[in-house]
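Heads up, the sequence shown is in the working numbering, so the first residue is 20 and it goes up one at a time.
We treat Cβ as the ideally placed atom computed from N, Cα and C, and that holds for glycine.
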Amino acid sequence: MRGDPLTRTGRMKDRRKLYVKSYGCQMNAYDSHRMADLLAPEGYVETGVPEGADLVILNTCHIREKAAEKVYSELGRLRVMKQEAARDGRRITVAVAGCVAQAEGAEIIRRAPVVDLVVGPQSYHRLPELLAREARRESGIVETAFPVEDKFGFLALPSKAATRARGVTAFVTVQEGCDKFCTFCVVPYTRGVEVSRPVGKILDEVQNLADAGVREITLIGQNVNAYHGEGPGGVWSLGRLLRRVAEIPGIVRLRYSTSHPCDVDDDLIAAHRDLPQLSPQLHLPVQSGSDRILDAMNRRHTRADYLRTIDRLRAARPDLALTSDFIVGFPGETEDDFSDTLSLVNDVGYSDSFSFKYSQRPGTPGATMTEQVPEEVKSERLARLQAAIKRHQAAFNARCVGCDFDVLMEKRGRDAGQLTGRSPYLQPVQVMAPQDLIGRMVSVTITGTIANSLFGVLADTPRIAAESRVAQSFAAVGA
Ligand code: SAM
Ligand code: SF4
Numbered sequence: 020m021r022g023d024p025l026t027r028t029g030r031m032k033d034r035r036k037l038y039v040k041s042y043g044c045q046m047n048a049y050d051s052h053r054m055a056d057l058l059a060p061e062g063y064v065e066t067g068v069p070e071g072a073d074l075v076i077l078n079t080c081h082i083r084e085k086a087a088e089k090v091y092s093e094l095g096r097l098r099v100m101k102q103e104a105a106r107d108g109r110r111i112t113v114a115v116a117g118c119v120a121q122a123e124g125a126e127i128i129r130r131a132p133v134v135d136l137v138v139g140p141q142s143y144h145r146l147p148e149l150l151a152r153e154a155r156r157e158s159g160i161v162e163t164a165f166p167v168e169d170k171f172g173f174l175a176l177p178s179k180a181a182t183r184a185r186g187v188t189a190f191v192t193v194q195e196g197c198d199k200f201c202t203f204c205v206v207p208y209t210r211g212v213e214v215s216r217p218v219g220k221i222l223d224e225v226q227n228l229a230d231a232g233v234r235e236i237t238l239i240g241q242n243v244n245a246y247h248g249e250g251p252g253g254v255w256s257l258g259r260l261l262r263r264v265a266e267i268p269g270i271v272r273l274r275y276s277t278s279h280p281c282d283v284d285d286d287l288i289a290a291h292r293d294l295p296q297l298s299p300q301l302h303l304p305v306q307s308g309s310d311r312i313l314d315a316m317n318r319r320h321t322r323a324d325y326l327r328t329i330d331r332l333r334a335a336r337p338d339l340a341l342t343s344d345f346i347v348g349f350p351g352e353t354e355d356d357f358s359d360t361l362s363l364v365n366d367v368g369y370s371d372s373f374s375f376k377y378s379q380r381p382g383t384p385g386a387t388m389t390e391q392v393p394e395e396v397k398s399e400r401l402a403r404l405q406a407a408i409k410r411h412q413a414a415f416n417a418r419c420v421g422c423d424f425d426v427l428m429e430k431r432g433r434d435a436g437q438l439t440g441r442s443p444y445l446q447p448v449q450v451m452a453p454q455d456l457i458g459r460m461v462s463v464t465i466t467g468t469i470a471n472s473l474f475g476v477l478a479d480t481p482r483i484a485a486e487s488r489v490a491q492s493f494a495a496v497g498a
């Protein structure tokens, strides 16, 4: 299609500006890129600001009430912008995509008439066709079915130029949807049932990214370690997929997110033991340290199960650092339950974590549970939890000082002559280094830490890391 003077929809190409704003998770960030890739052959060029855009897409998140409400504030600003543009004879099309689109559908247009079209996360491959309908002045377009066709089959791979502009790290969706039905979570309703992409398609996408200069790949999915995609010889697990992706030349670092503790299998643990490219940082959300609350959340494991899984992972990869998500104030959570969460944070010693106040989501079992926890109790518990998480993060960062890390240089830093990279543990690292090291894995001696960042100096001649020095110099840090 690229280079064709006519678009798929039969209109002459004219260059139009596209602004995509992404809310929420990595899956949305990935989808936003794919929307831009899909619309590039239609003549849309991405811009970083809404001003001057012909098409604005809000790729929304419905996971907590606050995330969904942010979208309506943004739509208020867009209404003013659209009216001003109309006075200058310019037309702006506003689309709402993502999980709010899926959950609220036509209600969005009723509440915010500035919106021209609504498209769910499983239907955005239909954007060119929906935009053509909108251009013919069809109003109130809502596409939120879970179509039988696989959207990935309709999405073009990004051009080398588009990939390069996005940097040296990239997400690749390998799995979507979730069958776990945790009682607080909207994902099974907004993203649908668990589906895994075939191995061959994933490898093509990673190869395309590697050819364009991407050096770090994060395989993503709502429940990524439930991956069970068709591959040569049958169904592949995530562990097997990681092994194969690690063989692609140019990929020096691999991550995966987000995992469910129940789906950590032997293959995955062995991948942590065997693959030097696989990051020693693992996000393994637990949500609560109390068995009573884990049960009410339908998490399907106990605190002891979770700790056993961590022991097995650490036996395979002694320098493994863990991060988690926590929810405070789930219905029925008592002070004792919350203490169990605090003690779990101390037992595991996370390198960092996300933590949230429980948010009632319409349609989920948690929303109608009695014993909802008052807002002020949630706020007070969240503050205590975040203080504990910060203490462990600071201790972890302090233990990094003096270590040699393989740092993937990503972009220019804030100060002149400085580059920003990421440590194997996902910490931003600031280093004085020449610009031609962007995209290279270099050895850095960590000299200091402030807030969430580390500082360091180049340790020796830049090199593409074939094997990590981290395991030798850092065995004591992860545990
Ligand atoms: N699949 C992952 C797992 O099993 O942990 C989580 C994916 S969810 C998109 C990301 C995080 O949002 C969850 O881990 C949870 O901590 C948080 N979250 C989800 N629903 C929530 C709710 N109703 N209130 C507060 N936080 C919520
Ligand atoms: Fe939501 Fe994760 Fe539970 Fe699935 S496993 S329902 S995505 S929290």
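{"Item": "Buried/exposed call for R292, threshold 16 Cβ in 10 Å", "Value": "exposed"}
{"Item": "Exposure of D425, with buried meaning 16 or more beta-carbon neighbours within 10 Å", "Value": "buried"}
{"Item": "Backbone CA spacing between A498 and I408 [nearest angstrom]", "Value": "For A498, the pLDDT reaches just 40, beneath the cut-off of 50, and the residue's location in the model is therefore unreliable, although a value from the coordinates is still provided. Near 16 Å, if we compare the C-alpha coordinates of I408 and A498."}
{"Item": "CB of L500 within 8 Å of CB of L257, strictly", "Value": "Residue 500 lies beyond the stretch modelled for the chain, which goes from 20 to 498, so this question has no answer here."}
{"Item": "Beta-carbon gap between D50 and P140 smaller than 8 Å", "Value": "yes"}
{"Item": "Rounded straight-line distance, which links the Cα of A334 to that of V39", "Value": "43 Å"}
{"Item": "Other residues of its chain near V212: CB distance less than 7 Å, five sequence neighbours each side excluded", "Value": "G196 and D198"}
{"Item": "Distance cut-off 7 Å: P14 Cβ against heavy atoms of the ligand SF4", "Value": "Residue numbering for the chain in the displayed model covers 20 to 498; residue 14 lies beyond these limits and cannot be assessed."}
{"Item": "Where T328 falls: helix, strand or coil (DSSP)", "Value": "helix"}
{"Item": "Residues whose Cβ lies closer than 6 Å to any heavy atom of the ligand SAM, in chain order", "Value": "C44, I82, R83, F203, C204, V206, Q241, N242, T277, H279, P304, Q306, D344, I346, F375, Y377, S378 and R380"}
{"Item": "Inter-residue Cα distance where the pair is N244 and S298", "Value": "15 Å"}
{"Item": "The region 458-469 in contact with the region 392-412 per 3-pair CB rule at 8 Å", "Value": "no"}
{"Item": "For I76: DSSP bridge partner residues", "Value": "V39 and A114"}
{"Item": "S370 and L326 closer than 8 Å at C-beta", "Value": "no"}
{"Item": "Residues sharing a beta bridge with V191, DSSP", "Value": "L238"}
{"Item": "Coil, strand or helix - A478 by DSSP", "Value": "coil"}
{"Item": "Spatially closest choice to F349 from A175, R83 and G253, by CA coordinates", "Value": "R83"}
{"Item": "Span of the alpha helix (DSSP H), counted from its first residue to its last, around Y143", "Value": "Here Y143 belongs to no alpha helix (DSSP H), and DSSP marks it neither H nor E."}
{"Item": "DSSP bridge partner residues for S276 (one or two, in chain order)", "Value": "I239"}
{"Item": "Beta-carbon proximity of A290 to L261, cut-off 8 Å", "Value": "yes"}
{"Item": "Inter-stretch contact at 8 Å, needing at least 3 Cβ pairs: the region 393-404 / the region 445-460", "Value": "no"}
{"Item": "3-residue-minimum beta strand (DSSP E) runs that sit fully inside the region 156-216, ordered along the chain", "Value": "160-162 and 188-192"}
{"Item": "Touch test, the region 236-256 against the region 151-171, Cβ-Cβ under 8 Å, three pairs minimum", "Value": "no"}
{"Item": "Contacting residues, own chain, Cβ-Cβ under 7 Å from G153 (five flanking each side not counted)", "Value": "It should be noted that the sequence gives Glu, not Gly, for residue 153. Excluding residues within five positions, the ones whose Cβ falls inside 7 Å are T112, D135, L136 and I160."}
{"Item": "Those runs of the alpha helix (DSSP H) which lie wholly inside the region 297-366 and span at least 4 residues", "Value": "310-315 and 322-335"}
{"Item": "Beta-carbon proximity check, V283 vs L273, cutoff 8 Å", "Value": "no"}
{"Item": "Counted within 10 angstroms of its Cβ, other Cβ atoms place N365 as buried (16 or more) or exposed", "Value": "exposed"}
{"Item": "Buried or exposed (CB count within 10 angstroms, at least 16 for buried), S158", "Value": "exposed"}
{"Item": "Reduced DSSP category for P447 - H, G, I as helix; E, B as strand; rest coil", "Value": "strand"}
{"Item": "Where E103 falls, given that 16 or more other Cβ within 10 Å makes a residue buried", "Value": "exposed"}
{"Item": "Neighbourhood of P268 by C-beta, 8 Å cutoff - its chain only, sequence neighbours within 5 removed", "Value": "A229"}
{"Item": "Closer than 7 Å: F200 CB and nearest the ligand SF4 heavy atom", "Value": "yes"}
{"Item": "Stretch pair the region 184-193 + the region 418-437: three plus CB contacts closer than 8 Å", "Value": "yes"}
{"Item": "Run of the beta strand (DSSP E) containing I469, from where it starts to where it stops", "Value": "M460 to I469"}
{"Item": "Member of K179, L77, E70 and V205 whose CA lies at the smallest distance from the CA of P381", "Value": "V205"}
{"Item": "G253 - containing beta strand (DSSP E), residue span", "Value": "G253 to W255"}
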